[in-house]
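For what it's worth, the numbering used here labels the leading residue of the sequence shown as 2, then goes sequentially. Don't be surprised by glycine CBs; every beta carbon is placed ideally from N, CA and C. Down below is the structure, laid out as structure tokens.
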Amino acid sequence: MLKLLCLIPLFSLAVESQEITNFRLISPIYKTRVDVAWDAYPNATSYIISGITVPKSTYQHYSSNNKTTLSLSPEVSYGLICMVYQFNNINATVTVKTNKLLNVKANSNSFPDVTNLTSLPTSTSLRISWDAFSNATLYTVVYTAGNMFDETTLQTNQNFANIVGLKSMTSYSVMVLVSSINNTQPNYAAQSSWYIFNTTSESNSNQTSKATRLARTNIGGLIIFIFTLYFYVNKIC
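As structure tokens, this is what we get:
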């Protein structure tokens with residue numbers, strides 16, 4: 002009997018711990034996306050974020066990590082929960098979820114965009130620039146090669162960024178997000194549309210490099226010629 006009484010508190014504790022905690026926003030809310038995170042649950046290998054929207058619809062998003070980017074529709078409101086979908090890659094047979102809704106309303110279409118993205122490409126890099134956004138002190142550049150689920154990000158406090166380590170002759174989708182205004186993360190922020198830029202072929206990059214070296218060589222030779230001519234004329238005079 003004493004052993005049974007001792008087990009009751011332990012059983013209650015185990016039941017109470019079957020909850021995902023700290024489900025939260027970790028980025029501003031944009032017109033078409035937002036980043037969310039939560040405390041990782043032991044042995045969970047897959048999660049599902051689900052809920053309802055206003056206008057009325059259902060929403061589902063799967064993630065293998067405890068941090069992910071949700072796709073949003075402008076001006077739509079979302080009531081979301083996070084659940085464990087798989088433990089050790091096997092579908093969950095118990096319900097482990099958040100006990101509170103995370104409410105998100107996507108940014109309005111009337112919010113100004115980040116505009117005029119341009120690119121200076123090489124075979125392995127893209128130098129992206131855009132119109133500076135008023136009072137922005139940090140930008141996040143998002144890029145992906147075809148697979149929109151495999152995004153890479155980098156941050157900059159300038160209105161340009163160098164994306165390096167790319168494949169030649171490949172199309173990349175690029176988006177710019179405002180991450181900070183006056184050094185503070187806002188509740189809502191601007192984004193750009195997706196822009197598509199192409200890296201060049203390796204031969205084009207080599208030709209550009211050779212042309213640059215040739216130009217420098219020609220300029221150096223011209224300078225030597227001018228100095229030689231100058232001293233020759235002075236000697237005659």
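Alpha carbon of residue i to alpha carbon of residue j, nearest angstrom
i: Ala-133; j: Asn-160; result: 5 Å
i: Ser-72; j: Asn-163; result: 26 Å
i: Met-176; j: Ile-91; result: 35 Å
i: Ser-124; j: Thr-33; result: 30 Å
i: Ser-126; j: Val-97; result: 43 Å
i: Glu-20; j: Ser-202; result: 51 Å
i: Thr-119; j: Asn-44; result: 44 Å
i: Pro-56; j: Leu-167; result: 40 Å
i: Thr-22; j: Trp-131; result: 38 Å
i: Ser-47; j: Thr-153; result: 20 Å
i: Asp-151; j: Thr-171; result: 15 Å
i: Ser-169; j: Gly-147; result: 14 Å
i: Ser-194; j: Asn-117; result: 10 Å
Reduced DSSP secondary structure (H/G/I, E/B, other) of residue i
i: Glu-152; result: coil
i: Ile-224; result: Annotation note: pLDDT 46 at Ile-224 (below 50); position unreliable, coordinate value reported separately. Ile-224 falls in the helix class under three-state DSSP.
i: Glu-76; result: coil
i: Ser-204; result: helix
i: Val-165; result: coil
i: Phe-24; result: coil
i: Ser-64; result: strand
Proximity below 8 Å, CB of residue i to CB of residue j
i: Val-37; j: Leu-139; result: no
i: Ile-82; j: Ser-109; result: no
i: Val-179; j: Val-115; result: yes
i: Phe-24; j: Pro-122; result: no
i: Tyr-79; j: Val-95; result: no
i: Val-142; j: Thr-157; result: yes
i: Ala-107; j: Ser-74; result: yes
i: Pro-29; j: Asn-183; result: no
Exposure label - residue i; buried when at least 16 CB within 10 Å
i: Thr-200; result: buried
i: Gln-61; result: exposed
i: Thr-69; result: buried
i: Ile-27; result: exposed
i: Thr-284; result: Not covered by the structure: residue 284. The range shown for the chain is 2 to 238.
i: Gln-192; result: buried
i: Pro-113; result: exposed
i: Tyr-31; result: buried
i: Tyr-42; result: buried
Nearest-angstrom Cβ-Cβ length linking residue i and residue j, presumed shorter than 8 Å
i: Ile-49; j: Met-84; result: 5 Å
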